[in-house]
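Accompanying notes for the structure given below.
Residue numbers (full-length UniProt numbering): 1 to 378.
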């Protein structure tokens, strides 16, 4: 390797730093490497190279330079943390834990290391270890709000709903101007069917944060669960007044209209959701259900065709068996030419699903039924 003098090293390092300032990280790496030629053990240059490579998502290369830095200073807190974070990003959670532990061993008040350690345990599905890490950080800093949110989320994720509600309640005490913990508590009660309790807490959230659309949307959902549909519609309207570009709210409003048999208003809401986001496939599904109930088969065929065409993943169209139902719709319309064409396309569609689902018996059954229909069209 060509050796450079200290003056040249400083020149290249300064050039690299300037390139960093303008976001040219790839070019900066090249100049840091040139600077490293003067002193291959320059700790600062090594970690700068690693940091830039991390920004560029060249993680394996970044780890190589962090490892070189750790050979020089094996207990450097920044390097240990950054290496752990890269390992976490690469889903190498057990290895990440080793380095978070190394950070804590040298600095027992490093809050971020405890937090990330809890996150690593969560990824590994180790609930008790994750909660223990949360509790250690809470013991260290009882006002560290993020760790309470993580702990509550973990408790909820693993079905400890009562504990999660208690933890969210602590947050509400610590941050009395924050409606988010009440939103979370309300969502838990709604999930487990305690709708009146859910309503109580969502109203607390709305009192604190009346400017947030989600409060009214969630209140509308709870009221719908209580079969108080007209009140739910009022809540959805309030949410839309605050935020009128959320297709989900229009879809929920459509569902409420459907419950009170205002079907054409429901269809209008589904159409508005699709207008906002033509890839919001749930709206197509609810619209199709209602059109089928109303026996509006021409519109139903168009709805299924749009869903099949736009859902490139096939997740939603397969969930409702849209290709199969399109064939049935054309049969209802007695348009047998279109039914025959749709049937051929549907058979090809289900052949793909069978292949990618490792031979789903349900899809095989539908394909067989379609084959019988196609034979009948001849």
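For every residue, glycine included, the Cβ atom is placed at its ideal position computed from N, Cα and C.
By the 10 Å Cβ neighbour count, where 16 or more other Cβ atoms means buried, how is residue 133 classified, buried or exposed?
To locate residue 133, count along the chain shown from 1; it is residue 133. By the neighbour-count rule (16 or more Cβ atoms within 10 Å), residue 133 is buried.
Give the secondary structure of residue 210 by DSSP, where H, G and I count as helix, E and B as strand, and everything else as coil.
Reading the chain shown from its first residue, position 210 is the one you call residue 210. Three-state result, residue 210: coil.
Proximal residues to residue 179 (C-beta, below 6 Å), its chain only, five neighbours per side dropped:
As a first step, residue 179 is located in the chain shown; it is residue number 179 there, counting from the start. Closer than 6 Å at the Cβ level, and outside the excluded window around residue 179, lie 205, 208, 209.
CB of residue 346 within 8 Å of CB of residue 377, strictly:
As a first step, residue 346 must be located in the chain shown, where it is residue number 346. As a first step, residue 377 must be located in the chain shown, where it is residue number 377. Not in contact: residue 346 and residue 377 (Cβ atoms no closer than 8 Å).
Report the rounded CA-to-CA distance for residue 4 versus residue 102, giving the unit in angstroms.
As a working note, residue 4 is residue 4 in the chain shown. As a working note, residue 102 is residue 102 in the chain shown. Low confidence applies here, because residue 4 scores a pLDDT of 48, under 50, leaving its location unreliable and the question unanswered by this model.
Would residue 342 count as contacting chain C if we go by Cβ distances under 8 Å?
In the structure shown, chain C cannot be found, because there is only a single protein chain.
Nearest residue (CA-CA) to residue 148, options 343, 174, 299:
As a first step, residue 148 is located in the chain shown; it is residue number 148 there, counting from the start. Ranking 343, 174, 299 by Cα distance to residue 148 puts 174 first.
Residue burial classification, residue 329 (beta-carbon count within 10 angstroms, cutoff 16):
For this step, residue 329 is matched to residue 329 along the chain shown. Its Cβ being crowded by 16 or more others within 10 Å, residue 329 is buried.
Quick check on residue 107: does DSSP put it in helix, strand or coil?
Position 107 of the chain shown, counted from the first residue, corresponds to residue 107. Looking at residue 107 - three-state DSSP - the assignment turns out to be coil, as it is neither helix nor strand.
Taking residue 341 as the reference, give the member of 355, 305, 315 with the closest Cα.
As a first step, residue 341 is located in the chain shown; it is residue number 341 there, counting from the start. Measuring from the Cα of residue 341, the nearest candidate turns out to be 305.
Inter-residue spacing [alpha-carbon to alpha-carbon] between residue 283 and residue 154:
Here residue 283 refers to the residue found at position 283 when the chain shown is read from its first residue. Here residue 154 refers to the residue found at position 154 when the chain shown is read from its first residue. Straight-line Cα distance between these residues: approximately 31 Å.
Quick one: using the 10 Å Cβ neighbour count with 16 as the cut-off for buried, is residue 280 buried or exposed?
Translated into the one-based positions of the chain shown, residue 280 becomes position 280. Result: buried.
Could you check which residue in 60, 131, 105 has the C-alpha nearest to that of residue 83?
The sequence position of residue 83 within the chain shown is 83, counting from 1. The residue with the shortest Cα to Cα distance from residue 83 is 60.
Are the CB atoms of residue 307 and residue 318 nearer to each other than 8 Å?
Position 307 of the chain shown holds residue 307. Position 318 of the chain shown holds residue 318. The answer is no: Cβ separation not under 8 Å.
Quick one: grab the DSSP three-state call for residue 339.
As a working note, residue 339 is residue 339 in the chain shown. Three-state result, residue 339: helix.
Helix, strand or coil: how does DSSP classify residue 38 here?
In the chain shown, residue 38 corresponds to position 38, counting from 1. Residue 38: coil per DSSP, three-state reduction.
Relative to the alpha-carbon of residue 31, which residue among 143, 22, 11, 374 has its alpha-carbon at the smallest distance?
Looking up residue 31 in the chain shown gives position 31. Answer by Cα proximity: 11.
In the structure shown, what three-state DSSP assignment does residue 60 receive?
For the purposes of this step, residue 60 is taken as the residue at position 60 of the chain shown. Of the three classes helix, strand and coil, the one that applies to residue 60 here is helix, per DSSP.
Could you work out which residue in 16, 23, 70, 26 is closest to residue 41 when comparing CA atoms only?
If you number the chain shown from 1, residue 41 lands on position 41. Of the candidates 16, 23, 70, 26, the one whose C-alpha sits nearest the C-alpha of residue 41 is 70.
With distances taken Cα to Cα, identify the nearest neighbour of residue 26 among 51, 44, 36.
The residue labelled residue 26 in the question sits at position 26 within the chain shown. Checking every option, the nearest Cα to that of residue 26 belongs to 51.
Which residue comes first and which comes last in the alpha helix (DSSP H) that contains residue 236?
For this step, residue 236 is matched to residue 236 along the chain shown. Its alpha helix (DSSP H) spans residues 229-242.
On a CA-only basis, which of 104, 256, 157 is nearest residue 123? Give me that one, please.
In the chain shown, counting from the first residue as 1, residue 123 sits at position 123. Comparing Cα positions, the closest option is 157.
Spatial distance of residue 194 from residue 225 (CA atoms):
Position 194 of the chain shown, counted from the start, is the residue given in the question as residue 194. Position 225 of the chain shown, counted from the start, is the residue given in the question as residue 225. Roughly 10 Å separates the two Cα atoms.
If you draw a straight line from the alpha carbon of residue 80 to that of residue 276, how long is it in whole angstroms?
Residue 80 sits at position 80 when you count from the first residue of the chain shown. Residue 276 sits at position 276 when you count from the first residue of the chain shown. In a straight line, the C-alpha of residue 80 is about 46 Å away from that of residue 276.
With C-beta atoms as the reference, is residue 19 less than 8 Å away from residue 13?
Along the chain shown, read from residue 1 onward, the residue named residue 19 stands at position 19. Along the chain shown, read from residue 1 onward, the residue named residue 13 stands at position 13. In this structure, residue 13 does not lie closer than 8 Å to residue 19 by Cβ.
Mapping the DSSP letters down to three states, classify residue 158 as helix, strand or coil.
As a first step, residue 158 is located in the chain shown; it is residue number 158 there, counting from the start. Residue 158 falls in the coil class under three-state DSSP.
Is residue 90 helix, strand or coil when you go by DSSP?
In the chain shown, the residue the question calls residue 90 occupies position 90. Residue state, collapsed to three classes: coil.
Proximal residues to residue 93 (C-beta, below 7 Å), its chain only, five neighbours per side dropped
Mapped onto the chain shown, residue 93 falls at position 93. Counting only Cβ-Cβ distances below 7 Å, and skipping sequence neighbours, we find 120, 123, 124.
Give every residue of the same chain whose Cβ lies closer than 6 Å to the Cβ of residue 301, excluding the five residues on either side of it in the sequence, and list them in chain order.
Numbered from its first residue, the chain shown carries residue 301 at position 301. Only 329 meet the Cβ criterion.
Please report the distance separating the alpha-carbon of residue 109 from that of residue 351.
Here residue 109 refers to the residue found at position 109 when the chain shown is read from its first residue. Here residue 351 refers to the residue found at position 351 when the chain shown is read from its first residue. Distance between the alpha carbons of residue 109 and residue 351: 58 Å.
Note down, in chain order, each residue of its chain lying with its Cβ closer than 7 Å to the Cβ of residue 267, except the 5 sequence neighbours on either side.
For the purposes of this step, residue 267 is identified with residue 267 of the chain shown, where counting begins at 1. 287, 290, listed in sequence order.
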